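Under our numbering, the residue at position 31 of the sequence shown is numbered 808, and the numbers go up by one with no gaps.
Using N, Cα and C, we set each Cβ at its ideal position, and we do this for glycine too.
None of these values were measured; they are calculated from a predicted model.
Down below is the structure, laid out as structure tokens.
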Amino acid sequence: MSLYYEKKLNREVLKMHNFTYFAPTKLYFGKNVIENLGSEIKALGDKVLLVYGGGSIKKTGIYNVIKEQLQGCEVFELSGVDPNPRVTSVNQGAALCKQHGIEVVLAVGGGSVMDCSKAICAAAKYAGDDAWDLVKNSSLVKEALPLICVVTIAATGSEFDCGGVISNLSTNEKMGLVNPHLWPKVSFIDPSYTCSVSKYQTTAGSCDIMSHYMEQYFTTGVNDIGDGFLETELKTVIKYTPAALENGNDYEARAHLMWAATLGCNRMASLGNDPSIFVCHAIEHELSAFHDITHGIGLAIITPKVMRYILNDKSVNKLAQFAHNVMHVENSGDAYADAKAGISALEKFFASIGVPEGLSKIGVDDTHFKAMAEHACAYNPLHKAFIPLNESDVEAILRQSL
Ligand code: NZQ
Ligand code: ZN
778 MSLYYEKKLN
788 REVLKMHNFT
798 YFAPTKLYFG
808 KNVIENLGSE
818 IKALGDKVLL
828 VYGGGSIKKT
838 GIYNVIKEQL
848 QGCEVFELSG
858 VDPNPRVTSV
868 NQGAALCKQH
878 GIEVVLAVGG
888 GSVMDCSKAI
898 CAAAKYAGDD
908 AWDLVKNSSL
918 VKEALPLICV
928 VTIAATGSEF
938 DCGGVISNLS
948 TNEKMGLVNP
958 HLWPKVSFID
968 PSYTCSVSKY
978 QTTAGSCDIM
988 SHYMEQYFTT
998 GVNDIGDGFL
1008 ETELKTVIKY
1018 TPAALENGND
1028 YEARAHLMWA
1038 ATLGCNRMAS
1048 LGNDPSIFVC
1058 HAIEHELSAF
1068 HDITHGIGLA
1078 IITPKVMRYI
1088 LNDKSVNKLA
1098 QFAHNVMHVE
1108 NSGDAYADAK
1118 AGISALEKFF
1128 ASIGVPEGLS
1138 KIGVDDTHFK
1148 AMAEHACAYN
1158 PLHKAFIPLN
1168 ESDVEAILRQ
1178 SL
């Protein structure tokens, strides 16, 4: 760490806070790890609910590999889980679990399938019949069916965290369900499964991974280990995303993106830091709730706007540190100029990997901005963010992102 940061960042305010951490998910990472699925499933039960999305696993052949591993199990299926998974799918899955006495849920897909499955696991053990009750009040989750994940896209890190995000189309809400009972028991992470992911979804996934790390980076009180961890993860995604876009079958690129994704959302990167408030996520979830947009793309559009909006005397040194250490902006000695150059470099990177330049390009207009800002502030502690935000701030950021 250079003298520049030691001095400018007021190191005395940085602390290593106490923490307790328990991540009870067994991870299998690498090619062909799926060979262990059969024995892991059977250790938990033999009545299985297999959950998947719109059919990519059938096109890639992963479905057949899974079915082979499930020989000897009684398998029920819930397919057609949408991106931005709906509470109606959760209710359908939970009803199947209750009706057939399912013992273990197997999610095969991306964040949407894994999140839907987590909510199914909780709802299957809930006496009520609407999982939205649990999304609105996660303390109602007292137990859950065991979950195994087979992840097929590098993005959310849902395979290694205890949260899920569920949408309710009837109320225009998209909200997180976080509870310690929702850690997967086992996750299978074979990067070669992600080689078939489209360019657009690869870009969206990488932007989501980066956002998870940036949300934890832009806060007060990040210890040196946290800073180093977060900067390395961000540089890794910036390095390998173009390679994966250039050649979808580049295993090294896919593997680095996959591992960066897996570690991103379970807060391991920010242990000991001040708590981080996921500001961009809070805003993006409102956009998805009203317009059903792709999560990572929405994040990539609003993140540089948020960074510009929060640039002030309190944030400038951290934004300059990001510029120097992540975006390779040369240190000019003018923190404001460097911070702005870092934000521009980030925008340029996003454009180079195919992120549309504004919300209007992905079908969003300003009709619901006020309602989105109100909901985002009502359900997220944005007033406690690095730079506190209120409803009018959020609305202004949305307008600047159009
Ligand atoms: O549905 P299928 O046919 O499987 O196709 C999917 C979907 O269309 C496709 N896909 C996935 N793996 C593929 C593939 N296509 C070809 N080959 C493969 N191997 O990709 C599309 C997107 O899938 P989705 O699961 O929606 O993507 P992602 O993993 O980005 O998940 C996004 C959802 O997760 C939530 C988001 O809000 C969004 O609802 N998040 C979950 C988090 C968590 N649990 O920790 C944190 C995140 O911040 C995020 O909010
Ligand atoms: Zn995310």
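Following the DSSP letters along the chain, one finds Cys-926 in no alpha helix (DSSP H) but inside the beta strand (DSSP E) bounded by residues 924–928. When secondary structure is reduced to three states using DSSP, Asn-1094 falls in the helix class. According to the DSSP assignment, Leu-1064 belongs to the alpha helix (DSSP H) that extends over 1056–1068. By DSSP's assignment, Phe-1146 forms no beta bridge with any residue. Taking a cut-off of 8 Å for Cβ pairs, the region 1084–1102 and the region 1132–1143 do not touch, as fewer than three such pairs fall below it.
Within the same chain, Cβ atoms closer than 7 Å to the Cβ of Ile-1079 are found at Cys-1057, Ile-1060, Glu-1061, Ile-1174, Ser-1178, the five residues on either side in sequence being excluded. Using a Cβ distance threshold of 8 Å, Val-810 and Phe-965 count as a contacting pair. In the DSSP annotation of this structure, the continuous segment of the alpha helix (DSSP H) that includes Val-912 starts and ends at 909–913.
When distances are taken from the beta-carbon of Val-1132 to the heavy atoms of ligand 1, even the shortest one reaches 7 Å or more. Ranked by Cα distance from Ile-986, the options Val-918, Ser-915, Ala-1077, Ser-1065 are led by Ala-1077. Annotation: Gln-1098 to Leu-1007 spans about 12 Å, alpha carbon to alpha carbon.
Per DSSP, Lys-951 is one residue of the beta strand (DSSP E) stretching across 950–955. Assignment of beta-bridge partners to Glu-854 by DSSP yields Leu-827. DSSP places Phe-965 outside any alpha helix (DSSP H); the residue lies instead in the beta strand (DSSP E), whose first and last residues are 963–966.
Remark: C-beta atoms of Val-867 and Leu-827 do not approach each other more closely than 8 Å. Around the C-beta of Asp-906, fewer than 16 other C-beta atoms lie within 10 Å, and the residue is accordingly described as exposed.
Proximity annotation: ligand 2 has residues Thr-933, Asp-985, Ser-988, His-989, His-1058, His-1072 in chain order, each selected because its CB is closer than 6 Å to a heavy atom of the ligand. Between Cys-893 and Val-927, the CB-CB gap reaches or exceeds 8 Å. Within the same chain, Cβ atoms closer than 8 Å to the Cβ of Glu-880 are found at Leu-821, Gly-822, Asp-823, Lys-824, Val-825, Leu-922, Pro-923, the five residues on either side in sequence being excluded. By the criterion of a C-beta distance shorter than 7 Å, Val-1132 is surrounded in its chain by Thr-980, Cys-984, Ile-1074, Ala-1077, Ile-1078, once the five residues flanking it on both sides are discounted. For Cys-926, the distance from the CB to the nearest heavy atom of ligand 1 is not below 7 Å. For Thr-971, the shortest C-beta to heavy atom distance toward ligand 1 is below 7 Å.
When C-alpha distances from His-989 are compared across Thr-948, Ser-1047, Tyr-798, the shortest belongs to Ser-1047. Counting C-beta pairs with one atom in each stretch, the region 1148–1161 and the region 1061–1070 have three or more that are closer than 8 Å, which means they touch.
Secondary structure of Tyr-798 (DSSP, three-state): coil. Spatial neighbours of Ala-1118 in its own chain (CB-CB distance under 6 Å, excluding positions within 5 residues in sequence) are listed in chain order as Ala-1100, Val-1106. Glu-1023 is classed as exposed because its beta carbon has fewer than 16 other beta carbons within 10 Å across all chains shown. The beta-carbon separation of Lys-808 and Ser-944, rounded to 34 Å, does not stay under the 8 Å limit for a contact. At a threshold of 7 Å, Ile-930 counts as near ligand 1, since its beta carbon sits closer than that to one of the ligand's heavy atoms. Residue range 1072–1087 is occupied by the alpha helix (DSSP H) that includes Lys-1082. Of all C-beta pairs linking the region 1009–1021 to the region 908–921, fewer than three are shorter than 8 Å, placing the two stretches out of contact. Bridge partners of Lys-1138 according to DSSP: none are assigned. In the structure shown, Val-1106 adopts coil according to DSSP, grouped into three states.
Contact between Ala-932 and Gly-982 is confirmed by a C-beta separation of about 3 Å, below the 8 Å threshold. Under the DSSP definition of a beta bridge, Ile-843 lacks any partner.
Not a single heavy atom of ligand 1 lies less than 7 Å from the C-beta of Val-828.
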